[in-house]
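Following: one structure in structure tokens, then a few remarks.
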Ligand code: BEZ
Ligand code: FE
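Residue numbers (this note's numbering): 628 to 915.
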């Protein structure tokens, strides 16, 4: 069409697809165009505002590399990552939650009962639980890729003081589905704010905090991979996670225990001299 108007542009756009366009791509691009066009009209977006948006995307591209994923962070703080997750969540199993940008592939194998805390300061936390199928039966040999920040709130990939895989490890659940390890109690931390996403948070009066959490990717033959995180119920940011990752079933309670109750069979057995925290959290997979 030669004379495009603000009322016809969306229909004109929808008529531009070639006959061989993949149907799903056509569906997604059509919907995206409809919503973007509606957004421009609804807000009366000005040239200056449009330019500001483009510059923000350009800055996100410029700051991104193999380790820094500013577009993912943008999606996270806009709630898009979490929404994609929730649209595809399976009510039968443990809720999934955002992967975040700090997972690193190839973490070392860790044994049942191992210690991730090592020389780091902070409260000792014993984490244990069972990987289960939806009917409650254990999933023997499930693999748990586990990661968290150091007590300074930084992941190893953000912190030159940490070894590459500190607070990262992959454990194989026992034949009874159980997993267990000790670590330092995770801390609340801020998402990176030194880029354009930080500027958006700042300009919109939002804080950059995430409630403390442990990350898991759980895999097992015949089951859907579960990407999730678990949060303690006493974290001050539980109800205001800046990336919208908290779900009711991912909230757990740490219980303090006297040192003398620390169990056998752990790397730290016999070495714990102060009260420690403990949590028992089952992870329920769904069939593939
Ligand atoms: C994380 O939990 O590691 C994370 C998730 C989204 C954005 C930044 C960090
Ligand atoms: Fe995290």
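We put the beta carbon where it would ideally sit given N, CA and C, even for glycine.
The structure displayed is predicted, hence computed values, not measured ones.
Could you please give me the residues that DSSP links to residue i through a beta bridge?
i	result
residue 836	817
residue 841	857
residue 777	In the DSSP output, where bridge partners are listed per residue, residue 777 has none listed.
residue 808	741 and 754
residue 904	752 and 883
residue 850	914
residue 825	Per DSSP, none; premise fails for residue 825.
For ligand 1, is there a heavy atom less than 6 Å away from the beta-carbon of residue i?
i	result
residue 703	yes
residue 818	yes
residue 854	no
residue 873	no
residue 758	no
residue 814	no
residue 878	no
residue 870	yes
Could you check if residue i belongs to the surroundings of ligand 3, using beta carbon to heavy atom distance under 6 Å?
i	result
residue 727	Ligands present in the displayed structure are limited to ligand 1 and ligand 2, and ligand 3 is not among them.
Please confirm whether residue i and residue j have their CB atoms less than 7 Å apart.
i	j	result
residue 802	residue 758	no
residue 685	residue 691	no
residue 845	residue 769	yes
residue 838	residue 858	yes
residue 675	residue 823	no
residue 871	residue 645	no
residue 717	residue 913	yes
residue 820	residue 836	no
residue 789	residue 841	no
residue 736	residue 797	yes
residue 743	residue 794	yes
residue 878	residue 860	yes
residue 783	residue 694	no
residue 876	residue 722	yes
Once the 5 residues before and after residue i are set aside, which same chain residues still bring their CB inside 8 Å of it?
i	result
residue 843	771, 772, 773, 853, 854, 855, 856, 857 and 910
residue 668	633
residue 750	811, 812, 903 and 904
residue 636	664
residue 786	777 and 779
residue 748	778 and 811
Within a Cβ cutoff of 6 Å, which residues of the same chain sit near residue i, ignoring the five residues on either side of it in sequence?
i	result
residue 867	none
residue 699	728
residue 892	740
Sequence ranges, alpha helix (DSSP H) only - wholly within the region 653 to 714, length at least 4 = 674 to 690, 697 to 704 and 707 to 714
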